[in-house]
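Trainee: For the sequence shown, this note's numbering begins at 4 and goes up steadily by one.
Even glycine gets a Cβ: it sits at the ideal position worked out from N, Cα and C.
Just so you know, these numbers come straight off a predicted model, no measurement behind them.
This is the structure I have questions about; it appears just below.
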Amino acid sequence: MEMENRWIHGKLKDSIGYDRYLHSVRVMETCIDLAKHHGYPIERVAIAGLLHDCGRLLDKKKILKLIKDFDIILDNMVKNNEELIHALLGEELARREYGIEDEEILNAIRYHTTGREDMGSIEKIVYIADVIEPNRNFPGVEDIRNMAYKDIDKSILHSMESTIRFLIDKGSLIHLDTIKGRNQLLKLKR
Ligand code: DGI
Ligand code: FE
Ligand code: FE
C-alpha cells in the first residue's frame with residue numbers, strides 16, 4: 004500500500020508538475036475531510052481526489068497523441084477545449100496507467116469539471132472538493148465551502164451556477180452536462 008502510494012505520487016508529480024500535484028493533494032485532503040463528515044468511503048474518495056487532474060499533462064503534444072491512441076471521442080463541445088479534455092483523458096489514464104478499475108472513481112475523474120445529472124457520492128465529493136480546496140479564493144468560495152459540509156447538493160448547485168455565470172461572462176460555451184446537472188439539483192431543491 005505504502006509502495007503503491009509512493010509510486011502514484013511520483014508518477015503524478017512528473018506528469019502534471021509540482022504545483023498541479025500540490026493542488027491534487029489539497030483536493031485529496033478536502034475529499035477525505037468531506038467523506039469523514041458525510042460518512043462516505045474514505046479510501047476510494049481519496050484516490051479519486053488525488054488523481055482527478057491526472058489528465059492535465061505538462062506535455063501538451065502527448066495529450067493529443069493519447070486522445071488518438073486511447074480512441075477518446077471528443078464531442079463538438081470538448082474539441083479544442085483543453086479545460087474539458089483533461090477530465091476525459093484523466094479517466095483513461097487512471098484506468099490504463101494508474102490501474103484504477105473502480106467505475107465510480109473513474110466517473111468522478113471523468114465528470115469532475117462539468118458535473119452532470121445523477122452524480123454518485125464519490126463524484127459529488129470530488130467535484131466540490133476541487134472547487135473548495137484551501138487555496139481557492141474566488142468571490143463566494145467561503146459560502147460554498149461552508150455549504151459543502153451542511154448540504155452537499157446545495158453547494159454543488161451554487162458552484163455550477165457560479166461556473167455558468169463565469170463562462171457566460173467569458174463568452175464561452177457551456178457544456179450541457181453542467182446545465183442538466185444544475186437543472187436537476189434545482190428541481191430537487193423545490
Ligand atoms: O482542473 P482544475 O483547474 O482544478 O478545475 P476544473 O477541472 O474544474 O477546470 C476548471 C476550468 O474548466 C475553468 O476554466 C472553467 C472550465 N469549465 C468548467 N465547466 C465548463 C468549463 N468550460 C467550458 N467551456 N464549459 C463548461 O461547461
Ligand atoms: Fe480539473
Ligand atoms: Fe482540479
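K14 to N149, Cα distance in whole Å?
Mentor: Straight-line Cα distance between these residues: approximately 33 Å.
Trainee: What did DSSP end up calling L53 once you bin it into helix, strand or coil?
Mentor: helix
Trainee: Please name the residue, chosen from E32, K65, L91, H178, that lies closest to E120 on a Cα-to-Cα basis.
Mentor: H178
Trainee: Candidates V48, L53, Y21, I159: which alpha carbon is nearest L61's?
Mentor: When each option's Cα is compared against that of L61, the closest is Y21.
Trainee: Leaving out five residues before and five after A151 in sequence, what residues of the same chain have Cβ atoms less than 7 Å from its Cβ?
Mentor: L37, I131, I135, S158
Trainee: Measuring alpha carbon to alpha carbon, tell me which of D156, A49, L96 ends up nearest K190.
Mentor: D156
Trainee: Can you give me the C-alpha to C-alpha distance between T181 and E94, rounded to a whole angstrom?
Mentor: 18 Å
Trainee: By alpha-carbon positions, which one of R98, I76, R113 ends up nearest to A90?
Mentor: R113
Trainee: Within 7 Å: the Cβ of R99 and any heavy atom of ligand 1?
Mentor: no
Trainee: Can you tell me where the alpha helix (DSSP H) holding F169 begins and where it ends?
Mentor: For F169, the uninterrupted alpha helix (DSSP H) segment begins and ends at 155-173.
Trainee: Rounded to the nearest angstrom, how far is the Cβ of I19 from that of R59, given a contact under 8 Å?
Mentor: About 5 Å; that satisfies the 8 Å criterion.
Trainee: Could you tell me which of V30, M163, D56, T33 sits nearest to Y101, measuring between CA atoms?
Mentor: D56
Trainee: For G123, tell me which candidate among N138, D105, N140, Y24 has the shortest Cα-Cα distance.
Mentor: D105
Trainee: Count the other C-beta atoms from every protein chain shown that fall within 10 angstroms of the C-beta of H115, then say buried if there are 16 or more, exposed otherwise.
Mentor: Classification of H115: buried, given that the 10 Å Cβ count is 16 or more.
Trainee: I128 and V48 - do their beta-carbons sit closer together than 8 Å?
Mentor: Yes, the Cβ-Cβ distance between V48 and I128 is below 8 Å.
Trainee: Quick check on the DSSP output: the alpha helix (DSSP H) that includes R119 runs from which residue to which?
Mentor: Unbroken run through R119: none, as it is neither H nor E.
Trainee: Heavy atom of ligand 1 less than 7 Å from the Cβ of N84, yes or no?
Mentor: Correct: N84 has its Cβ closer than 7 Å to ligand 1.
Trainee: When you compare only the Cα positions, how much space is there between G212 and K63?
Mentor: Limits of the chain in this structure are 4 at one end and 193 at the other, which puts residue 212 out of reach.
Trainee: Give the C-beta separation of N186 and R29 to the nearest angstrom, bearing in mind that I take them to be a contact with Cβ-Cβ under 8 Å.
Mentor: Actually they do not touch by this definition, with Cβ atoms about 30 Å apart.
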